[in-house]
Amino acid sequence: MKTLKSVGFLLGLPIILLLWWWLATSGAPNFFVPTPAKLLTTFVETWIGERLITDVLPSIMRLVVGVLAAIVLGIVLGLAVGLNRTMRAVTEPVFEFFRALPPPVLVPVLMLLVGINDGMKIAVIISGCIWPVLLNTIEGVRSIDPVQNETSRSYGISGFARIRYQILPSATPTIMAGVRQALSIGLILMVISEMFASSSGLGFTIVQFQRSFAVPEMWSGIVVLGLIGVALSFIFQAVERRVLRWYHGLKEVENAV
Amino acid sequence: MTTQATGGVTRASVKAKASRPASKGWPKWVLGLIGIVVFLGLWELMPVVGLVQAKYLPPASEVIAALILDLGLTAFWVAVWDTMLAWLIGLVIAVVAALVLGLVIGMSPFLRHLTNSSIEFLRPIPSVALIPLAVLLFGIKLESSLLLIVYACFWQVLIQVLYGVADVDNVAMQTARSYGFSYVQRVRDVVFPTMLPYLMTGIRLAASVALILAITAELLIGSPGLGKEIALAQSGGAISGMYALILATGFLGVGINAVTRIVEKRVLSWHPSVRGEATV
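Protein chains in written order, with this note's numbering: chain A, 43 to 299; chain B, 5 to 284.
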């Protein structure tokens, strides 16, 4: 009974929405909105097959490479800057400016500087995603409990061991919040860089469908982007749960008291 | 979000450091100024030394001169106005819609369970996926930008409102119920104060997301505003003009961040999280 209820809650609204969509579109054909059945067949025809290898996978590869590079660079730079009070003060205004700069404006800049190629698209993703990770790492390192720092100092824990066992773990909750932001920015930039200047990739293909008024195909492309977004968010949640298991446990204990 | 949450801790630790007798070195704003000067200096040198071609990255002085020139032009301010208009209308629509829906859904455990799966599924869909749809429906008008902005900001605010409503103290709620508070009274006097800090976080996040999408829509779709001017400057080869406009969008972003921080502080001046920061 209990599982039945939770399944009902899980699928109830989606089924209602699908039914509504079906009823609304099955009567009079609407040019802008295809019927669910039409969308499903178009989705399979359009994306399962050659296009998966020529357009979808390269896009996802660029996204993964860009985001991972941004995370690694962001954490390394963030540690270097965050651990030094002078460096922190020197870089703060410049970094705040870059954080506030809307990342899409970097696309035309990098088009000029790098040219139109895979490198440009990865550079766009890196240069947009690095700021939330970098600034959150700096913030995470800065706000470490001073008692912890002094404890490590008195126990003579320094250098790499201190970064590995004291600083990184205590900054991780803040860093993960930055990574979450970086992921959604990365997905946006992946699409934009391909819409702006490209001859392949997901963003390009979807705009191409729109320009040729292939409406069901365009919708199926939107669905693909949505699925990638949902998949990324699930992967992130799984990783976060693993990496921050101790943190969530700690919070539970604190809240219970 | 997190910077705010840890704000109290950092204030405390900075204070502790400052009160130490060995507070050596220059004040923070001087160091920040040095950082800006070094950054501009590097930028100025890069094309001069030949690290990048000057036609692709003009020296900083040239770009700043172009920006100052822009500040005297009506066309520049019209573009800023268009961008800010889309930003403001989109943000207001998204916040009002998310606030109302969030309160209604959050107050009812049944609705919360029912909508949970749909929200978790719809939220991660990137709003740029809607760009083709926006073009098809609205063309290059303001509505295109609004569709993207509202979609992206709505989820940011909705999630925060739902968290906020879920955070309401059970005892306070039951007390209100036994004193015979009506639904409206409960929302106004019990739920709203608890939810307000969450709502403000949501609005702060949404404000910067809205700017990103306003610029994106203008760049890609060509609805009027700074983004469109950037695209035009780039395709027209007015490279220092393009960099000047990019600087301008950055300053807009910094301005929006600063204003939302101040508003948040004002609105929540009564709240322990803000009051605590002030008294520590």
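Backbone N, C-alpha and C define an ideal beta-carbon position, used for all residues, glycine too.
query: Let me know the secondary structure DSSP gives D173/B once reduced to three states.; result: coil
query: Return the Cβ separation of G39/B and P174/A in integer angstroms, given the expectation that the two are a contact with Cβ distance under 8 Å.; result: Going by Cβ atoms, the distance from G39/B to P174/A rounds to 19 Å, so no, they are not a contact pair.
query: I'd like to know whether the C-beta of L151/B is nearer than 8 Å to at least one C-beta of chain A.; result: no
query: Would the beta-carbon of P150/A fall within 8 Å of that of Q238/B?; result: yes
query: The alpha helix (DSSP H) that contains N178/A, what's its start and end?; result: D160 to R184
query: For the candidate residues Q164/B, N174/B, G226/B and I234/B, whose alpha-carbon lies nearest to that of L203/B?; result: Q164/B
query: Give me the chain B residues within the contact set of T133/A, using Cβ-Cβ distance strictly less than 7 Å, ordered along the chain.; result: G39
query: Buried or exposed for R265/B, please, with buried defined as at least 16 other CB atoms from any protein chain shown within 10 angstroms of its CB.; result: exposed
query: Less than 8 Å between the CB atoms is what I'm expecting for I264/A and L230/B, so what's the real figure, rounded?; result: Contact flag wrong, Cβ pair sits at about 26 Å.
query: Assuming V172/B and V194/B form a contact by the criterion Cβ under 8 Å, report the distance between their Cβ atoms to the nearest whole angstrom.; result: 6 Å
query: Which residues of the segment 189 to 218 of chain A have a Cβ closer than 8 Å to any Cβ of chain B? Give them in chain order.; result: P215 and T216
query: Given that M260/A touches chain B, what residues does it touch there, using C-beta distances under 8 Å?; result: P136, L137 and L140
query: Can you tell me whether F185/B is helix, strand or coil according to DSSP?; result: coil
query: Got a sec: is the Cβ-Cβ distance from V272/A to anything in chain B below 8 Å?; result: yes
query: Going by DSSP, what residue range makes up the alpha helix (DSSP H) through H275/B?; result: From DSSP, H275/B is part of no alpha helix (DSSP H); its letter is neither H nor E.
query: Please confirm if the segment 56 to 73 of chain B is in contact with the segment 209 to 216 of chain B, defined as three or more CB-CB distances below 8 Å between the two stretches.; result: no
query: Would you call the segment 230 to 243 of chain A in contact with the segment 200 to 220 of chain A, where contact means no fewer than 3 C-beta pairs closer than 8 Å?; result: no
query: Are the segment 266 to 277 of chain A and the segment 124 to 144 of chain B touching, with three or more C-beta to C-beta distances below 8 Å?; result: yes
query: Give me the subset of the segment 121 to 148 of chain A whose CB atoms are less than 7 Å from a CB atom of chain B, sorted by chain position.; result: T128, A131, V132, T133, E134, P135, V136, E138, F139, A142, L143, P144, P145, P146 and V147
query: Grab me the residues of F369/A's own chain with a C-beta within less than 7 Å of its C-beta, minus the 5 sequence neighbours each way, in chain order.; result: Past the boundaries of the shown model lies residue 369/A; chain A is included only from 43 to 299, so the question cannot be answered.
query: So, with DSSP's three-state summary, where would you put K59/B?; result: coil
query: On the criterion of 16 or more Cβ atoms from any shown chain inside 10 Å, does G91/A qualify as buried, or is it exposed?; result: exposed
query: Using a Cβ cut-off of 8 Å (strictly closer), state whether S244/B contacts chain A.; result: no
query: At what residue ranges does the segment 206 to 270 of chain A contain a whole run of the alpha helix (DSSP H), taking only runs of 4 or more?; result: 210 to 238 and 244 to 253
query: Between L46/A and chain B, is the shortest Cβ-Cβ distance under 8 Å, so that the two count as touching?; result: no
query: With a cut-off of 8 Å on the beta carbons, I'd call I120/A and I180/A a contact; round off their distance for me.; result: One point to set straight first is that residue 120/A is Gly, not Ile, in the sequence displayed. 5 Å between Cβ atoms; contact.
query: Between the C-alpha atoms of M162/A and M232/A, what's the straight-line distance to the nearest angstrom?; result: 11 Å
query: Using beta-carbon positions only, say whether Q57/B and P51/B come within less than 8 Å of one another.; result: yes
query: So L118/B contacts chain A; which residues on that side make the cut at Cβ distance below 7 Å?; result: F51, G54 and L55
query: Just the C-alpha distance for V263/B and T128/A, rounded to the nearest angstrom, thanks.; result: 27 Å
query: Does DSSP classify P130/B as helix, strand or coil?; result: coil
query: So, helix, strand or coil for W30/B, using DSSP?; result: coil
query: Residues of chain A with CB closer than 7 Å to the CB of F125/B, please, in chain order.; result: V272
query: Which runs of the alpha helix (DSSP H) fall wholly inside the segment 93 to 155 of chain A and span at least 4 residues, in chain order?; result: 99 to 124 and 127 to 142
query: When the Cα atoms are used, what is the spatial distance from L292/A to S194/A?; result: 21 Å
query: Using the Cα positions of A224/A and C171/A, report the straight-line distance between them to the nearest angstrom.; result: 5 Å
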